[in-house]
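Notes follow the structure.
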Amino acid sequence: LEQPNSSNNLDETRHLLFTPASLVYSNIEQRNTMTSLFCVECIRTKEVAVVENFGDYSGMLDPGFHCIAWPFQNVAARLSLRIQQLDIRCETKTKDNVFVAVGVAVQYRVLHEAAYDAHYRLTDPHQQIRSYVFDVVRSTVPKMDLDESFINKNQIAGSIRQQLAQDMSNYGYEIMSSLVTDLSPDAGVKRSMNEINASKRLKEAASHQADADKVKQVKAAEAEAEARYLSGVGVARQRTAIVSGLKGSIAEFEQQGEGRSERGR
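Taken in order, the sequence shown gives residues 7 to 271; the numbers are from the numbering used here.
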């Protein structure tokens, strides 16, 4: 700061003002005429600041330390260049007339080179993204039945991202990704689906139980037949042994009878 000239009897007074956003030096003459005024702005990493001069666009401030001529110039807005996420929920109807609530997560960011368009061309970017998502979901899901919509969630997400990337690039936004995070049918439909699945599972369980009982009966019959076969084999062998024994006894008896006849002669 320049030292005041003593010959002017301190006609010029310096003021040092502090505010949360800036450090301001002002020189005020005795006639209350402002000779110089500066405002310091600090822009954080991954941010840009829009500077206006009496309401007219003046330029962009990148991250770092900057001085602007306040109050002629001011920072109208600060735009984050980080990736942001917007969660959207949309209700629509499938091809088989089932109402579903579709949850979509859109990740996007402001393009540094298009920050002017991002600030001045759209008043509410979130509402604009929602409108595009609603349009895509309500034109895609009604072409699928409920089961197909569950299977083709990636296809729905791809259609959303393609449409958003094409339209939002005109406003300075880049769409990083879009995900279908939820697809929930009406509560009554959920109950019906659960009952159908439960009945199907019970039917499958009964079928498996019948198959198990059949296998048990077949195995039991096979075991019984095998047991009877083995029992018959045992009886046959027993009878064969008995017959063989009887034959031996008869032969021996005949031999003894012939011997007695010869001795009697």
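Virtual Cβ for every residue (Gly too), placed ideally from N, Cα, C.
In this text, all values refer to a predicted model and were calculated from it rather than measured experimentally.
Residue nearest to T187 in terms of C-alpha spacing, selected from R95, R50, Y63, K52: R95
Could you pull the start and end residues of the alpha helix (DSSP H) that N160 belongs to? 159 to 174
Give a yes or no on contact between the segment 112 to 130 and the segment 199 to 219, applying the rule of three or more CB pairs nearer than 8 angstroms. no
Pairwise C-alpha distance: A218 and L92: 53 angstroms
Residues bridged to F105 [DSSP beta-bridge criterion]: K99
Since I89 contacts D68 with CB under 8 angstroms, what's their CB separation in whole angstroms? Incorrect: roughly 19 angstroms between the Cβ atoms, too far for contact.
Buried versus exposed, by CB contacts within 10 Å (16 or more), E35: Here E35 scores only 39 on pLDDT, less than 50, and its place in the model should not be relied on; the value that follows carries that caveat. E35 comes out exposed.
Sufficient close CB pairs (3 or more, under 8 angstroms) joining the segment 130 to 147 to the segment 65 to 79: no
Among the residues of its own chain, which have a CB less than 6 angstroms from the CB of A82, if the five just before and after it don't count? V56, E58
Sort out for me which residues DSSP pairs M66 with in a bridge. V56
Own chain partners of Q169 with C-beta closer than 8 angstroms, once the 5 adjacent residues on each side are dropped: Y138, D141, V142
Give the DSSP bridge partners of P191, in chain order. V106
Go ahead and label Y114 buried or exposed: buried means 16 or more other beta carbons lie within 10 angstroms of its beta carbon, across all protein chains shown. buried
Which residues in the same chain have their Cβ closer than 7 angstroms to the Cβ of D123, if we skip the five residues on either side of it in sequence? Y177, G178
Beta-carbon proximity of T197 to I181, cut-off 7 angstroms: The amino acid occupying residue 197 in the given sequence is Arg; Thr does not appear at that position. No.
Please report the distance separating the alpha-carbon of F71 from that of G61. 22 angstroms
In angstroms, rounded to a whole number, what distance separates the CA positions of G254 and E260? 10 angstroms
Using a threshold of 7 angstroms, state whether the C-beta atoms of R144 and T100 are closer than that. no
Should the segment 146 to 159 be regarded as contacting the segment 218 to 232, the criterion being three or more beta carbon pairs within less than 8 angstroms? no
With distances taken Cα to Cα, identify the nearest neighbour of I135 among S175, A120, K209, E210. S175
Please go through the same chain and pick out, in chain order, the residues whose beta-carbon is closer than 6 angstroms to the beta-carbon of R84, but skip the five residues on each side of it. E53, A55
Have a look at N160 and V195 and give me their C-alpha separation to the nearest angstrom. 23 angstroms
When you compare each of S184, L87, F156, D151 to A165 by their alpha carbons, which one comes out closest? The sequence shown places Ser at residue 165, rather than the Ala named in the question. The shortest Cα separation from S165 among S184, L87, F156, D151 belongs to S184.
7 angstroms Cβ shell around D102 - same chain, five flanking residues per side excluded: D151, L152
Between the CA atoms of A231 and Q215 - distance to the nearest angstrom: 24 angstroms
Simplified DSSP state of L208, which is helix, strand or coil: helix
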